[in-house]
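I have placed the structure first, in the form of structure tokens, so that the comments after it can refer back to it.
There are 2 protein chains.
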Amino acid sequence: MNEPIQIVEVGARDGLQNEAEIIETADKVRLITRMIDAGARRLEVASFVNPKRVPQMADGEAVIAALPDRGDVSYIGLCLNKRGVLRAIESREGNKRGVDEAGCVLVASDTFGQRNQGQTIEEGVAENRDMLRLARENGLVPQVTISAAFGCPFEGAVPMERVVRLAAEMAEAGAVEIALADTVGVAVPVQVAELAGRVREAVGPDVRLRAHFHDTRGMAAANAWAAIGAGVTVLDSSLGGLGGCPFAPNATGNVATEDLIYLLETSGVETGIDLEQAIAVNAWFAGVIGKDLPSVVSRAGIPQGWRATSQDG
Amino acid sequence: MNEPIQIVEVGARDGLQNEAEIIETADKVRLITRMIDAGARRLEVASFVNPKRVPQMADGEAVIAALPDRGDVSYIGLCLNKRGVLRAIESREGNKRGVDEAGCVLVASDTFGQRNQGQTIEEGVAENRDMLRLARENGLVPQVTISAAFGCPFEGAVPMERVVRLAAEMAEAGAVEIALADTVGVAVPVQVAELAGRVREAVGPDVRLRAHFHDTRGMAAANAWAAIGAGVTVLDSSLGGLGGCPFAPNATGNVATEDLIYLLETSGVETGIDLEQAIAVNAWFAGVIGKDLPSVVSRAGIPQGWRATSQDG
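Residue numbers (full-length UniProt numbering), protein chains in the order written: chain G, 1 to 313; chain A, 1 to 313.
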């Protein structure tokens, strides 16, 4: 038996962020609740960004207020700056359930960082240091995602030594978990194994490694498997593969939760999430947004005689 | 620099076999020719099956007669029985170019074998022994694909020891190359690595290992990479991911040639096939069959700053 791998369900945030049509708050809450029922225990539920820039995420506080008040589930709010962390803190004030984690973001490319959040890499490092401290001091789990870690839509290749150095700085700044994100969907397994291995060494044994893949070029499962081999224990994914890639309009987006469950449970690795239930959530949510979701496992179905590792014993 | 990996282009046969609308012979020949121009050097070009059962393949002899007469390219004809091998031999008679390889098929499941070609496993072993001998005696490269090697659409799991034993028998019968085919698209990398490793050991160093993956559940790139790690040096794929999965009607089929080129060339492994040209063939052929082909790499495009390994030096 292998060590279990934790899946972070990001469908309600990363998955929906680029949907043109606004999804109702109740449907977002239902998506989150149904994925918890299926077994998800960490979920990205909101983004504390400017509602004018991302209207789909404008109801963040309303979503959070309606979440099931469970002690065994950890809710993540995405934070791009200190203002975001302050809203995450606010979500917990006055006995409210709120979010549990401040999901900070550091972009590993100057051009991408400046276009996406108006920050150079070094400005991002300084901001994230403050964000992580602020989160920790207010009882939020301080974690950070290094985005564009495998490539930048504008600059192309991103040097590994830069990402390793940024990860070490974030560990030093108090991040308890660091994610390597292939935001553009360009990575291949050999690259993932090397970068994750080098980051694993650089950040020390106390920092958890997470990885975030997009299936833009069909490499997500291969990359996830390579990441696990290099010491990553947590993977992001979205139900159905919700979420496009803003830099490749015709491409698929996040790796699908169903596809990761299939990969892992077939390989003898527990995820704790039930594949059949996830496929049912997919079918329901496709009705909500009025189109099929990309997950190939949901489309192909569970094979004859298949048995999940999580069902054993 | 890693060892190069050979890609066998199967688009014109496996890719088209299940297309409902008959593709014109000239378009099949053009598909093959354009893939040769892009760098492919081994291609599956025809299937010597009963034209009444597979009308799409009825023009096999006409396709072969129209192929470029090149000495640096190897053409494969699929053979399901001795009658098929005799047609492969006939394709070369009277100074005709013909095919170079008899691509034999052994099904690793009784139920699937009986439904697909009216043979139990043991009947298939006996038939393939005769087919391989017949091919060799007549100057055709004798090679065999073990289909349903990772799972059967009717029986579910297929025991590894059975596939290892069948591979050893085929090696002993004179196959110079043995392919492990995930016909149903159910395999995961851990399984591929184990089976390919065990087969590698069982067949001895003189037999080449090939693998054939379907991307039915998004695992094709992961499986291809695992196969290479276990000693596989040849991979089947189809331009654009042509070819559905008859057992999962909504699912994608063969792994796309473009996706494999992207995986390998980005990883420092030469394929000899030009990605840009393959994407152009995809665009042209999508027009021929009047629908988009599944390849995600063709849909997403080549990333900023990308450089193929085959372009180096």
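Where a beta carbon is used, it is the ideal one built from N, C-alpha and C, also for glycine.
Rounded straight-line distance, which links the Cα of residue j to that of residue i
i	j	result
residue 317 of chain A	Thr25 of chain A	This structure does not reach residue 317 of chain A, given that chain A is present from 1 up to 313, and the question cannot be answered.
Arg165 of chain G	Leu235 of chain A	37 Å
Leu260 of chain A	Gly243 of chain A	16 Å
Met170 of chain A	Asp100 of chain A	19 Å
Thr33 of chain G	Gly11 of chain A	44 Å
Ala20 of chain A	Val54 of chain A	10 Å
Gly39 of chain A	Gln56 of chain G	46 Å
Gly240 of chain A	Arg41 of chain A	17 Å
Ala88 of chain G	Val199 of chain G	28 Å
Asn282 of chain G	Ala226 of chain A	29 Å
Val296 of chain G	Leu140 of chain G	35 Å
Leu264 of chain G	Val176 of chain A	34 Å
Ala181 of chain G	Tyr262 of chain A	19 Å
Trp306 of chain A	Asp37 of chain G	42 Å
Glu258 of chain A	Ala300 of chain A	11 Å
Ala224 of chain A	Gly15 of chain A	18 Å
Arg83 of chain A	Met219 of chain G	40 Å
Thr233 of chain A	Thr309 of chain G	31 Å
Glu161 of chain G	Gly151 of chain G	13 Å
Ala251 of chain G	Leu293 of chain A	13 Å
Val184 of chain G	Asn116 of chain G	13 Å
Cys79 of chain G	Arg70 of chain G	22 Å
Trp284 of chain A	Gln17 of chain A	19 Å
Tyr75 of chain A	Ile302 of chain G	36 Å
Residue range of the beta strand (DSSP E) that includes residue i
i	result
Gln117 of chain G	Where Gln117 of chain G is concerned, there is no enclosing beta strand (DSSP E), although the alpha helix (DSSP H) it sits in stretches over 110-117.
Asp182 of chain A	177-182
Gly77 of chain G	74-79
Gly103 of chain G	101-107
Leu235 of chain A	234-237
Ala88 of chain A	Per DSSP, Ala88 of chain A belongs to no beta strand (DSSP E); it is in the alpha helix (DSSP H), 82-90.
Val141 of chain A	141-147
Glu44 of chain A	42-47
Val8 of chain A	6-9
Boundaries of the alpha helix (DSSP H) in which residue i is found, first to last residue
i	result
Ser298 of chain G	296-300
residue 314 of chain A	There is simply no residue 314 of chain A to check, as chain A begins at 1 and stops at 313 in what is shown.
Arg208 of chain G	Here Arg208 of chain G belongs to no alpha helix (DSSP H); instead the beta strand (DSSP E) covers 208-213.
Ile228 of chain G	220-229
Gly197 of chain A	189-203
Thr257 of chain G	257-266
Ile121 of chain A	121-137
Thr25 of chain A	25-38
Ala167 of chain G	160-172
Ala65 of chain A	60-65
Burial state of residue i, where buried means 16 or more other Cβ atoms lie within 10 Å
i	result
Gln311 of chain A	exposed
Asn2 of chain A	exposed
Ala126 of chain A	exposed
Arg217 of chain G	buried
Pro205 of chain G	exposed
Pro159 of chain A	exposed
Pro51 of chain A	exposed
Glu276 of chain A	exposed
Gly253 of chain A	buried
Gly118 of chain A	exposed
Proximity winner among the options, relative to residue i (alpha-carbon distances)
i	options	result
Ala58 of chain A	A:Leu31, A:Ile23, A:Glu258	A:Ile23
Gln114 of chain G	G:Ala187, G:Tyr262, G:Phe154, G:Val45	G:Phe154
Val29 of chain G	G:Gln117, G:Pro68, G:Gln17, G:Asn50	G:Pro68
residue 327 of chain G	G:Asp27, G:Arg307, G:Glu9	Beyond the ends of chain G as shown, which are 1 and 313, falls residue 327 of chain G; an answer cannot be given.
Asn95 of chain G	G:Asn81, G:Gly151, G:Ala65	G:Ala65
Ala157 of chain A	A:Ala187, A:Arg129, A:Glu172	A:Ala187
Asn81 of chain A	A:Ser74, A:Ala62, A:Met35, A:Ala135	A:Ala135
Gly229 of chain G	G:Pro189, G:Ala256, G:Glu258, G:His214	G:Pro189
Glu137 of chain A	A:Ala102, A:Pro159, A:Phe112, A:Glu122	A:Ala102
Glu44 of chain G	G:Gly77, G:Gly118, G:Asn50, G:Met35	G:Gly77
Arg92 of chain G	G:Ile121, G:Ala62, G:Gly118, G:Phe112	G:Ala62
Pro4 of chain A	A:Glu270, A:Gln119, A:Asn50, A:Gln117	A:Glu270
Gly222 of chain A	G:Ser267, G:Arg70, G:Ala173	Inspection of the sequence shows that residue 222 of chain A is occupied by Ala rather than by Gly. It is G:Ser267.
Val85 of chain A	A:Asn128, A:Ile302, A:Gln119, A:Gly118	A:Asn128
Val73 of chain A	A:Ser238, A:Gln6, A:Trp284	A:Gln6
Val192 of chain G	G:Glu90, G:Val207, G:Ala211, G:Ala202	G:Ala211
Gly231 of chain A	A:Ser238, A:Ser237, A:Arg208, A:Phe213	A:Arg208
Gly174 of chain G	G:Thr120, G:Asp130, G:Ala256	G:Asp130
Gln304 of chain A	G:Phe112, G:Ile178, G:Glu90, G:Ala46	G:Phe112
CB contact below 7 Å: residue i versus chain B
i	result
Gln114 of chain G	The question asks about chain B, but that chain is absent: this structure's protein chains are G and A.
Residue i beta carbon near the ligand SAM (any heavy atom closer than 6 Å)
i	result
Ala286 of chain A	Because no ligand of any kind appears in the structure shown, any question about the ligand SAM cannot be addressed here.
- [ ] Would you check if there are 3 or more beta carbon pairs closer than 8 Å linking the stretch 144-152 of chain A to the stretch 102-110 of chain A?
- [x] yes
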